[in-house]
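Undergrad:
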Amino acid sequence: MEAMSSFNSLFNSMQQEAKDIFAAQGWPNKRNEDWHYTDLSARLPASFQNQPLELSEDVPLENLTCGVDDATQLTFINGLLSDVEDLPEGLTIDALIAHPELVKQSDDDMTDPLLYSNLAHLETGIVIDVTGVIDRPLEIHFHNTAAEEASFVRIIFRLAAGASLTLLESHSGWGHTQLVSDIYQAEDSMLRHLRLHQAEDTQVSLLLNRVSLDAQAHYHNVAVSLSGGLGRLETRVTFNAPGSHAGLATALLSGGKQHIDVTTRLNHLSPDTTSDTVARTILDDEACGIFQGKVIVHEDAQRVEATQKSDALMLSTEAMMNVKPELEIYADDVACAHGSAIGEIDHEALFFLRSRGIGETAARVMLVEGFIAEILGRLDDFAAGATLQENLSKRVETYLKKSA
Amino acid sequence: MSQAKETIEKETVDKVQSLAGEKYKYGFSTDIDSEKAPKGLNEDIIRFISAKKEEPEWLLEWRLDAFERWLTMSEPDWAMVNYPQIDYQDLYYYSAPKSMDDRPESLDEVDPELLRTYEKLGIPLFEQEVLAGVKNRVAVDAVFDSVSVATTFKEELAAAGVIFCSFSEAVKDHPDLVKKYLGTVVPKSDNYFTALNSAVFSDGSFVYIPPNTRCPMELSTYFRINEPNTGQFERTLLIADKGSYVSYLEGCTAPMRDENQLHAAVVELVALEDAEIKYSTVQNWYPGDEEGRGGIYNFVTKRGDCRENNAKISWTQVETGSAVTWKYPSCILRGDNTVGEFYSIAIGNNHQQIDSGTKMIHLGKNTSSRIISKGISAGKSSNAYRGQVSVHRKADKARNFTQCDSLLIGDTCSAHTVPYIETKNPSAILEHEATTSKISDDQLFYCQQRGLDAEEAVSLIVNGFCKDVLQHLPMEFAVEAQKLVGISLEGSVG
Numbered sequence: 029m030e031a032m033s034s035f036n037s038l039f040n041s042m043q044q045e046a047k048d049i050f051a052a053q054g055w056p057n058k059r060n061e062d063w064h065y066t067d068l069s070a071r072l073p074a075s076f077q078n079q080p081l082e083l084s085e086d087v088p089l090e091n092l093t094c095g096v097d098d099a100t101q102l103t104f105i106n107g108l109l110s111d112v113e114d115l116p117e118g119l120t121i122d123a124l125i126a127h128p129e130l131v132k133q134s135d136d137d138m139t140d141p142l143l144y145s146n147l148a149h150l151e152t153g154i155v156i157d158v159t160g161v162i163d164r165p166l167e168i169h170f171h172n173t174a175a176e177e178a179s180f181v182r183i184i185f186r187l188a189a190g191a192s193l194t195l196l197e198s199h200s201g202w203g204h205t206q207l208v209s210d211i212y213q214a215e216d217s218m219l220r221h222l223r224l225h226q227a228e229d230t231q232v233s234l235l236l237n238r239v240s241l242d243a244q245a246h247y248h249n250v251a252v253s254l255s256g257g258l259g260r261l262e263t264r265v266t267f268n269a270p271g272s273h274a275g276l277a278t279a280l281l282s283g284g285k286q287h288i289d290v291t292t293r294l295n296h297l298s299p300d301t302t303s304d305t306v307a308r309t310i311l312d313d314e315a316c317g318i319f320q321g322k323v324i325v326h327e328d329a330q331r332v333e334a335t336q337k338s339d340a341l342m343l344s345t346e347a348m349m350n351v352k353p354e355l356e357i358y359a360d361d362v363a364c365a366h367g368s369a370i371g372e373i374d375h376e377a378l379f380f381l382r383s384r385g386i387g388e389t390a391a392r393v394m395l396v397e398g399f400i401a402e403i404l405g406r407l408d409d410f411a412a413g414a415t416l417q418e419n420l421s422k423r424v425e426t427y428l429k430k431s432a
Numbered sequence: 073m074s075q076a077k078e079t080i081e082k083e084t085v086d087k088v089q090s091l092a093g094e095k096y097k098y099g100f101s102t103d104i105d106s107e108k109a110p111k112g113l114n115e116d117i118i119r120f121i122s123a124k125k126e127e128p129e130w131l132l133e134w135r136l137d138a139f140e141r142w143l144t145m146s147e148p149d150w151a152m153v154n155y156p157q158i159d160y161q162d163l164y165y166y167s168a169p170k171s172m173d174d175r176p177e178s179l180d181e182v183d184p185e186l187l188r189t190y191e192k193l194g195i196p197l198f199e200q201e202v203l204a205g206v207k208n209r210v211a212v213d214a215v216f217d218s219v220s221v222a223t224t225f226k227e228e229l230a231a232a233g234v235i236f237c238s239f240s241e242a243v244k245d246h247p248d249l250v251k252k253y254l255g256t257v258v259p260k261s262d263n264y265f266t267a268l269n270s271a272v273f274s275d276g277s278f279v280y281i282p283p284n285t286r287c288p289m290e291l292s293t294y295f296r297i298n299e300p301n302t303g304q305f306e307r308t309l310l311i312a313d314k315g316s317y318v319s320y321l322e323g324c325t326a327p328m329r330d331e332n333q334l335h336a337a338v339v340e341l342v343a344l345e346d347a348e349i350k351y352s353t354v355q356n357w358y359p360g361d362e363e364g365r366g367g368i369y370n371f372v373t374k375r376g377d378c379r380e381n382n383a384k385i386s387w388t389q390v391e392t393g394s395a396v397t398w399k400y401p402s403c404i405l406r407g408d409n410t411v412g413e414f415y416s417i418a419i420g421n422n423h424q425q426i427d428s429g430t431k432m433i434h435l436g437k438n439t440s441s442r443i444i445s446k447g448i449s450a451g452k453s454s455n456a457y458r459g460q461v462s463v464h465r466k467a468d469k470a471r472n473f474t475q476c477d478s479l480l481i482g483d484t485c486s487a488h489t490v491p492y493i494e495t496k497n498p499s500a501i502l503e504h505e506a507t508t509s510k511i512s513d514d515q516l517f518y519c520q521q522r523g524l525d526a527e528e529a530v531s532l533i534v535n536g537f538c539k540d541v542l543q544h545l546p547m548e549f550a551v552e553a554q555k556l557v558g559i560s561l562e563g564s565v566g
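Sequence order for the protein chains is G and Y. Take the first sequence: its letters are residues 29 to 432, numbered as in the numbering used here. Take the second sequence: its letters are residues 73 to 566, numbered as in the numbering used here.
1) Using a Cβ-Cβ cut-off of 8 Å, state whether G:Thr345 counts as contacting chain Y.
2) Can a CB atom of chain G be found closer than 8 Å to the CB of Y:Ala550?
3) Quick check on Y:Asn263 - is its C-beta less than 8 Å from some C-beta in chain C?
4) Compare the C-beta of G:Asp339 with all C-beta atoms of chain Y and state if any pair is closer than 8 Å.
5) Thinking G:Thr301 and G:His326 are a contact (beta carbons under 8 Å), I'd like their distance in whole angstroms, please.
6) Go ahead and pull the three-state DSSP assignment for G:Pro73.
7) For a cutoff of 8 Å on Cβ pairs, would you count G:Glu282 as touching chain Y?
8) What do you get for G:Lys430, buried or exposed, if any count of 16 or more other CB atoms within 10 angstroms of its CB means buried?
9) Would the segment 307-323 of chain Y and the segment 343-354 of chain Y be scored as touching if the rule is three or more Cβ pairs under 8 Å?
10) Three Cβ pairs or more, each shorter than 8 Å: is that satisfied between the segment 416-425 of chain Y and the segment 375-385 of chain Y?
11) For G:Gln375 and chain Y, any beta-carbon pair shorter than 8 Å?
12) Out of G:Ile183, G:Leu72, G:Leu224, G:Tyr65, point me to the one whose CA is closest to G:Arg238's CA.
13) Classify Y:Asp377 as helix, strand or coil using the three-state DSSP reduction.
14) Going along chain Y, which residues have a C-beta under 7 Å from G:Asp361?
15) Rounded C-beta distance between G:Ala178 and G:Phe39? I'm assuming under 8 Å.
16) Could you give the residue range of the alpha helix (DSSP H) that holds Y:Ser122?
17) Using a Cβ-Cβ cut-off of less than 7 Å, list which residues of the segment 440-465 of chain Y approach chain G; keep chain order.
18) Find out if the Cβ-Cβ distance for the pair G:Ala435, G:His199 is shorter than 8 Å.
19) Taking contact to mean 3 or more Cβ pairs, one atom from each stretch, closer than 8 Å, check whether the segment 459-478 of chain Y and the segment 326-344 of chain G are in contact.
20) What are the uninterrupted segments assigned as beta strand (DSSP E) that are 3 or more residues long and contained completely in the segment 253-278 of chain Y, given in chain order?
21) Can we say the segment 312-321 of chain G touches the segment 345-353 of chain G, given the rule of at least three CB pairs closer than 8 Å?
22) Exposed or buried, Y:Tyr518, counting other C-beta atoms within 10 Å across all chains shown (16 or more means buried)?
23) Just to confirm my understanding: we take G:Met279, look at its own chain, exclude 5 residues before and 5 after, and list those with CB closer than 6 Å. What are they?
24) Could you tell me which whole beta strand (DSSP E) segments of length 3 or greater appear in the segment 91-127 of chain G?
25) Here's a check: name, in chain order, each residue in its chain whose Cβ is nearer than 7 Å to the Cβ of G:Tyr358, leaving out the five neighbours to either side.
26) Does the segment 362-369 of chain Y touch the segment 284-292 of chain Y, meaning 3 or more C-beta pairs lie closer than 8 Å?
27) Check whether chain G comes within 8 Å of Y:Asp483, counting only Cβ atoms and requiring the distance to be less than that.
28) So, G:His366 versus G:Gln336, is the Cβ gap smaller than 8 Å?
29) Taking its Cβ as the centre, do 16 or more other Cβ atoms sit within 10 Å of G:Ala46, making it buried, or is it exposed?
30) Using a Cβ-Cβ cut-off of 8 Å, state whether G:Gly367 counts as contacting chain Y.
31) Counting only beta-carbon atoms, is Y:Trp398 nearer than 8 Å to chain G?
32) Which bits of chain G does Y:Glu503 rub up against, with CB to CB less than 9 Å?
33) Between which two residues does the alpha helix (DSSP H) carrying Y:Trp130 extend?
34) Let me confirm a value: Y:Asp427 is counted as buried when at least 16 other C-beta atoms fall within 10 Å, else exposed. Which label applies?
35) Check the Cβ-Cβ distances between G:Tyr247 and every residue of chain Y, and say whether any is below 8 Å.
36) Are there three or more Cβ pairs, one per stretch, closer than 8 Å when the segment 503-522 of chain Y is compared with the segment 471-478 of chain Y?
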């Protein structure tokens, strides 16, 4: 008990520090190079009413989750963990407050706006330990019930050596969601991570994913975003030992006045590590898409292979796309490449389909589906991969038909 | 095979290190009396420079305004370069060769000391006339420190209506043109270094090509930094009027010095309707010694404005010198159907740091741009490509192709690629490709199999890597550029 209270005071002092920094620095503006295209200071309120809303009744979440029946469900409503089902063997959940060392480790950089703002307002923090091979997917759903609601959550995942998990993370609702996920993967572990973002068009989502990989650890991320207001999906991966690999695939479908920013930072510290990043962005209406990818190959990290590809399809004259794929290489025996292409729907392909009797709308939907098929295809290896692919394809189709 | 590979790698690395033995060929300095203003920068110095050059009141005002703005600005720190803090009050801002008063009428009258310097530099004033024949002569507006002292072929150019003179002469003889175009492409407060340059620029070149004129020869300026502690602040203004064409060459060498030298030049190009400007640079200023001591700081702002329809501006650069390079030749594609091109080879060795690239700003309809950048890093150098392609809302059917490749030689150097691609128009087609790698083992093996030794093979491959850019240099420059690639790198690997 004494240890707990001493931890509490440690936590409180760290949180106070974060609050002070937030009060002084606030949200980053575009003078901050990492936020050049997403000026938060101009878009977000300087402070939040941080009282979780009381719920009078159950919130219907059908069609908002990933729709896998046998998944273990964890649900955060307005930033609070609402129910915990029976957990499969090899999976345990604990309160973050019981792990002082993790908070300390996790907040090593207080100059990072996503970290200090998250800690300053933190409502719920949990630690999820995975010690074995888990067959059932774990779904964590985040939902805000009102526009004035702001939720701040931190989750720390620890995958033991040889552990394996399919994680389904989904976001829906209104308001402001800020999630920091720290993922520590020991050797030979495997995490398959689907992130489905399907929020209302006023929602602000700032999602930061930090992954640390040991030898032979593999991290596979598939992110699919269907609508939402202001979104920043940031993934940072650190490759600490040989054989580690990260695959990041993102499909963004955006319209309205949506502003969606995908930022990746891959830190290859160790030799013989590999990564591949693919982002496909579809922009309609007045949407603004951003892809900022950065691959850093450190000294002595020889034989690193890293590829980065960002393609964007512009469907409207009001849309806007900004791309910044960076390479920062300090080792010589590497093969790193990035490619980027931006354009509109290929008129010849459209003509081909139409000349075969397919209506214009249907033809456009087909072409757009084809554009992101590769991303959904990466769900093949996921637990319940076929169901996920089917569900997502359907939602993509519904989304496209609606916007067409 | 793996053993062979190790041998090659080791040899390559050794050779790179032995580049230290490849001393800077142009490391000499000439003692010529020069007249200079005291160290430091304030309004009085600016008035001194302006008075010295007998400038009109408006230009002095322009300089003072730039200086005022400069005082409020801070040095940019976003580039991937590190250098000690520059004390701007510890520099000389004006120095002119003394023989200025009795300006020579012809080359025969030029200070023989100067001519000897040019000879060492390899500026072939006479030689080229003989070798290339009269029709293909190159006019040289040689800049020695800050003031032009020799200009040739003026008459022939004048017959064609081409104005090619030093900037100070242009201010005296063609004030209307200067006033009309100065600062319209690169505003004086565009950035820290342009504001500094606008305040203290000493001299430079001025070119005006009249309408429907094809400039009868390649125009060429050789820059030369000579006086210790003299920042060189060149200002080049080139205007190609409607339907004209000009090819402009710029090459630089500098004597070996221990102290770092600052160079903040501004180049402005204006291409009016149907005009075409080809601007080529070979830059081999002193890069510092193998320990990274000395060397030029090269902070240059170059920008071309395709102001009217169908204009074209093409930049070609071979950057092998300077300790620190900060340079982004850009094109503003304002008119419809305008074209911008950027071909670059940037070679870094020892402790050189290069942060270079381009900006292509698409404003008009049917504009197209092409960027080919080849970066080679050896020794402990750092080489960054930083480029921006921006398509504005009304730039229908804009087209861009960008390719930036980096080659790494040795494991202590680094290569970075920082492209910014921004579009607000769906009809734009933008493509970007970048690769970073070392020389492929397959290619090496292929060459060796055919009887080349490892180093010859490496040299051949490096040459091939640069070829896309080298072939865009004018003939007169291609030879020098190839030689330079040799001095900078081939000696180290081949």
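Quick reminder that beta carbons are idealized off the backbone N, C-alpha and C, glycines included.
TA: Taking the coordinates as given:
1) Stepping through the first sequence from its first residue, residue 345 of chain G is reached at position 317. So, interface residue.
2) Mapped onto the second sequence, residue 550 of chain Y falls at position 478. No, because no Cβ of chain G sits closer than 8 Å to the Cβ of Y:Ala550.
3) Chain labels in this structure do not include chain C; the protein chains are G and Y.
4) To locate residue 339 of chain G, count along the first sequence from 1; it is residue 311. No - not a single Cβ of chain Y is within 8 Å of the one on G:Asp339.
5) Residue 301 of chain G sits at position 273 when you count from the first residue of the first sequence. Residue 326 of chain G sits at position 298 when you count from the first residue of the first sequence. With 8 Å as the limit, G:Thr301 and G:His326 do not qualify as a contact, their Cβ atoms being about 10 Å apart.
6) Taking the first residue of the first sequence as 1, we reach residue 73 of chain G at position 45. Looking at G:Pro73 - three-state DSSP - the assignment turns out to be coil, as it is neither helix nor strand.
7) Along the first sequence, one-based indexing puts residue 282 of chain G at 254. Checking the sequence, you will find Ser at residue 282 of chain G rather than Glu. Chain Y, which has no Cβ nearer than 8 Å to the Cβ of G:Ser282, makes this no.
8) In the first sequence, residue 430 of chain G corresponds to position 402, counting from 1. G:Lys430 is exposed by the Cβ-count criterion.
9) yes
10) no
11) Here residue 375 of chain G refers to the residue found at position 347 when the first sequence is read from its first residue. In the sequence as presented, Gln is not what sits at residue 375 of chain G; that position holds His. Chain Y contact via Cβ: absent.
12) Here the question's residue 238 of chain G lines up with position 210 in the first sequence. When each option's Cα is compared against that of G:Arg238, the closest is G:Ile183.
13) The residue given as residue 377 of chain Y occupies position 305 in the second sequence. Correct three-state label for Y:Asp377: strand.
14) Counting from 1 along the first sequence, the entry for residue 361 of chain G is found at position 333. Going along chain Y in sequence order, the residues near G:Asp361 (Cβ under 7 Å) are Lys510.
15) The count along the first sequence starts at 1 and reaches residue 178 of chain G at position 150. The count along the first sequence starts at 1 and reaches residue 39 of chain G at position 11. 20 Å between Cβ atoms; not a contact.
16) Within the second sequence, numbered from 1, the residue matching residue 122 of chain Y stands at position 50. Residues 115-124.
17) none
18) Lying before the first or after the last residue shown, residue 435 of chain G is absent from chain G, which here runs from 29 to 432.
19) no
20) none
21) yes
22) On the second sequence, residue 518 of chain Y is found 446 positions in, with the first residue counted as 1. So Y:Tyr518 ends up on the exposed side.
23) To locate residue 279 of chain G, count along the first sequence from 1; it is residue 251. For the record, residue 279 of chain G in the displayed sequence is Ala; it is not Met. The residues are Val252, Arg308, Ile400, Ile403.
24) 100-105, 108-112, 119-123
25) Translated into the one-based positions of the first sequence, residue 358 of chain G becomes position 330. Closer than 7 Å at Cβ, skipping near neighbours: Val325, His326, Glu327.
26) no
27) The residue given as residue 483 of chain Y occupies position 411 in the second sequence. Cβ-Cβ to chain G under 8 Å: yes for Y:Asp483.
28) Counted from its first residue, the first sequence places residue 366 of chain G at position 338. Counted from its first residue, the first sequence places residue 336 of chain G at position 308. Contact flag set, yes.
29) Numbered from its first residue, the first sequence carries residue 46 of chain G at position 18. So G:Ala46 ends up on the buried side.
30) The count along the first sequence starts at 1 and reaches residue 367 of chain G at position 339. Yes, contact with chain Y.
31) Translated into the one-based positions of the second sequence, residue 398 of chain Y becomes position 326. Taking Cβ atoms only, chain G never reaches closer than 8 Å to Y:Trp398, which makes this a no.
32) Walking along the second sequence from the start, residue 503 of chain Y turns up at place 431. In chain order: Gly367, Ser368, Ala369, Ile370, Gly371.
33) For this step, residue 130 of chain Y is matched to residue 58 along the second sequence. Per DSSP, Y:Trp130 belongs to the alpha helix (DSSP H) from 129-144.
34) The sequence position of residue 427 of chain Y within the second sequence is 355, counting from 1. Buried, by the Cβ-count rule.
35) Translated into positions along the first sequence, residue 247 of chain G becomes position 219. No, its Cβ sits nowhere closer than 8 Å to a Cβ of chain Y.
36) yes
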